[in-house]
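Below you'll find the structure, written out as structure tokens, and then a few comments.
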Amino acid sequence: MRFLIDANLPRSIATALQRFGHEVEFARDIGLGAAPDQQIAAHALKNNAAILTRDMDFADIRRYPPELYHGIVVLRLPDTAVAAEIVSVMERFLLEPGFLKPLAGRLAIVDADRVRFRPPLIATN
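Numbering (the numbering used here), first residue to last: 1 to 125.
Listed below in structure tokens is the structure:
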């Protein structure tokens, strides 16, 4: 899967994603470090990338309808979270079976202890 990592995340998260076999672009490395949200979103759309961010503005489904994107992952963590904590939460998300495959067209809000999808994932028995 391809991810566009927003500038508000530590560089170590890119390394973690690459260890899991994902392609990454880091906003700061491609001249989007200070870009507005709309520019980040447009780049993700153009490059078929899921957005990975801590910016809660991307959780507004009226501004960023999930069905238009290859996935939006918003890490909802305390401002005091350090890089190692952020990476740990993302790694737990990546390791959970069934989270990445249905990500396209969905918003995932990832807290330290839970993940919520919009639209919700449908449980199968």
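Where a beta carbon is used, it is the ideal one built from N, C-alpha and C, also for glycine.
Exercise for the section: Would you check if there are 3 or more beta carbon pairs closer than 8 Å linking the stretch 88-96 to the stretch 34-45? Expected result: Remark: fewer than three beta-carbon pairs, one from each stretch, lie closer than 8 Å, so the stretch 88-96 and the stretch 34-45 are not flagged as touching.
Handout entry: Nearest candidate by alpha-carbon position, reference E85, set F26, D113, G21 and V73
Key = Numbered from its first residue, the sequence shown carries residue 85 at position 85. Of F26, D113, G21 and V73, the smallest CA-CA separation from E85 is found for D113.
Exercise for the section: Counting only the same chain and skipping the five closest in sequence on each side, list residues whose C-beta sits under 6 Å from that of A104. Expected result: Residue 104 sits at position 104 when you count from the first residue of the sequence shown. Apart from the 5 residues on each side of it in sequence, A104 sits with its Cβ closer than 6 Å to the Cβ of H70 and G71 in its chain, given in chain order.
Exercise for the section: Pick out whichever of R118, N48 and P10 has its Cα sitting closest to the Cα of P65. Expected result: In the sequence shown, the residue the question calls residue 65 occupies position 65. Per the Cα distances, R118.
Handout entry: P36 beta carbon less than 8 Å from that of A83
Key = Your numbering for residue 83 matches position 83 in the sequence shown. Your numbering for residue 36 matches position 36 in the sequence shown. Not in contact: A83 and P36 (Cβ atoms no closer than 8 Å).
Handout entry: Cβ-based burial, D6 [other Cβ within 10 Å; buried from 16]
Key = Along the sequence shown, read from residue 1 onward, the residue named residue 6 stands at position 6. Buried: at least 16 other Cβ atoms inside 10 Å.
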